[in-house]
Amino acid sequence: MTADVRTPVEGLPPGPRLPKVAQTALFLRSRARVSPRWRRRYGDAFTVRLAGGRTVVTISRPEDIRAVFAGAPEVYHAGEGNAILAPVMGQESLLILDEDAHLAARKRLMPAFNGAALRGYADMMAELAEAEVSRWPLDRPFRTHASMNAVTLEIILRVVFGMAEGERLAALRPLINKVTDIGPIDVLGWSFPKLKHVWPWKRNVENLKAADALLYEEIAERRGADLTDRNDVLSRLLKADPDARAVELRDHMMTLLLAGHETTATALAWSLHELSRNPDVLRKAQAAADAEDHEYLQAVTKEAMRSRPVIYGVGRRITEPQVIAGHRIPAGTVISPCIGLVQDDPEHHPDPRAFRPERFIGASMESGTWIPFGGGVRRCIGAGFSLQEAGIILRAILLRYDLEPVGAPEPQQARNITQVPRRGARVIARRR
809 MTADVRTPVE
819 GLPPGPRLPK
829 VAQTALFLRS
839 RARVSPRWRR
849 RYGDAFTVRL
859 AGGRTVVTIS
869 RPEDIRAVFA
879 GAPEVYHAGE
889 GNAILAPVMG
899 QESLLILDED
909 AHLAARKRLM
919 PAFNGAALRG
929 YADMMAELAE
939 AEVSRWPLDR
949 PFRTHASMNA
959 VTLEIILRVV
969 FGMAEGERLA
979 ALRPLINKVT
989 DIGPIDVLGW
999 SFPKLKHVWP
1009 WKRNVENLKA
1019 ADALLYEEIA
1029 ERRGADLTDR
1039 NDVLSRLLKA
1049 DPDARAVELR
1059 DHMMTLLLAG
1069 HETTATALAW
1079 SLHELSRNPD
1089 VLRKAQAAAD
1099 AEDHEYLQAV
1109 TKEAMRSRPV
1119 IYGVGRRITE
1129 PQVIAGHRIP
1139 AGTVISPCIG
1149 LVQDDPEHHP
1159 DPRAFRPERF
1169 IGASMESGTW
1179 IPFGGGVRRC
1189 IGAGFSLQEA
1199 GIILRAILLR
1209 YDLEPVGAPE
1219 PQQARNITQV
1229 PRRGARVIAR
1239 RR
């Protein structure tokens, strides 16, 4: 698959010449800050060399991104591109598998995320959203990101896992927060097994092991239960395949939990951050909530995902040389379509720093210019779940509250593999 018809340049695009350890630190801790600078200096495609021997070529032109997303699965390995996540997600994770194994796992999971299934989850999502936002403090600054993390975690545990209130659920909640509340250097430690015996990585391993034990308990108990009337994702998987291996179920559940709750929570936090600073948009969103205009509410979330991408880039490790962005790139290189750069490009999103949900009303985005859920056969299986969940939670908030900003706009900060509001997306909520 080639991205253009120019005579290709042999070898990698240019990139920073800093020591690998410095490039690694910048890539993990400050990618959203340094990538625009590197693009201006080196062009639409540039190379970053990371510790551990990994070479990443960042691309930001839609035509190149489309070519990579449409590339043959046997050539463009997203699972290998996500290898840093394997110690947590597991080897059977949808994010780690490639080729036929990935397609088979995706086929097994798809029925739990189709339209009928999503409609069946809506009432529980609304109930849990109402319970969380009704507890918000009034008339003083507070961190919405923590609240959004709490409600999206609860939705995953109750809707996806189907867990009931009890000791196991109470024990799992804080463990999941500990597993996800890590910095980019902790993430780097996943790639070096020897570090798992060293603090703080040892603590991360212990938290994950404790969470796994609870998940395996839940899987074993559910396997022996009557699942006739159960429609949560775990029960659906067991009904479809009663002999599914526990490790496979664990890896799917952990993937949905870690990839599904933190990303949606952060997108919601950025949505609230922007609504508090754009009173005209806030009024339109409140009117949409009153009128049950789900299209506009989802547009708010989509615009937040565009302007403040939670995941800055995705990766594909190529198994054979490919011509991409005018360069013949060697096998083994990771190609990274850069969500953050393409979604901030004024050529594709006029006045990109303005928060305008109307971009997503009555018009379709050019392919490759809005990619918060990735693309191709690797597009996030939970995209519909995430957008429905965000719309329901946002409506519950906007029916109750006016939002006012606190302090200066918050910059992005790296947390695990996500870009979060540095001060927690603080707002002041007042009764409408």
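When you line the sequence shown up against the numbering used here, it's residues 809 to 1240, in that order. By construction, the Cβ of each residue, glycine as well, lies at the ideal position given by its N, Cα and C atoms. From a predicted model like this one, the values you see are computed outputs, not experimental measurements.
- In this structure, Gln1106 is the residue among Gln1106, Gln1221, Glu1212 with its C-alpha nearest to the C-alpha of Gly1170.
- Per DSSP, Leu965 is not a residue of any alpha helix (DSSP H), being assigned neither H nor E.
- Listed in chain order, the beta strand (DSSP E) elements of length 3 or more contained wholly in the region 822 to 857 are 853 to 857.
- Bridge pairing for Ile867: Ala853, Pro1145 [DSSP].
- As for any alpha helix (DSSP H) of minimum length 4 sitting wholly inside the region 1010 to 1068, the runs are 1041 to 1048, ordered along the chain.
- Cβ-Cβ separation between Leu1080 and Val1235: approximately 6 angstroms, consistent with a contact (criterion under 8 angstroms).
- In the pairwise beta carbon analysis, the region 1136 to 1150 is classified as touching the region 876 to 893: at least three pairs are separated by under 8 angstroms.
- As summarised for the region 1065 to 1099, the continuous alpha helix (DSSP H) elements at least 4 residues long and confined to that stretch are 1087 to 1098, given in chain order.
- Note that the C-beta distance between Ala1133 and Ala853 is below 8 angstroms.
- With respect to Leu936, Ala1237 sits apart: the two C-beta atoms are not nearer than 8 angstroms.
- Relative to Phe1163, the option among Asp994, Pro1008, Glu818, Val1089 whose CA is nearest is Val1089.
- In this structure, Gly970 sits away from Leu917, with a CB-CB distance that is not shorter than 8 angstroms.
- In the displayed model, Glu1218 falls within coil according to three-state DSSP, outside both helix and strand.
- If you ignore the 5 residues before and after Pro844, its C-beta comes within less than 6 angstroms of no other C-beta in its own chain.
- In the same chain as Gly898, and ignoring 5 residues on each side of it, the C-beta atoms closer than 8 angstroms to its own belong to Ile904, Val1055, Arg1058, Asp1059, Met1062, Thr1063, in chain order.
- In this structure the region 1004 to 1018 does not touch the region 1046 to 1053; the number of beta carbon pairs closer than 8 angstroms is below three.
- The distance from the Cβ of Ala1019 to that of Val987 is about 6 angstroms, consistent with a contact at the 8 angstroms cut-off.
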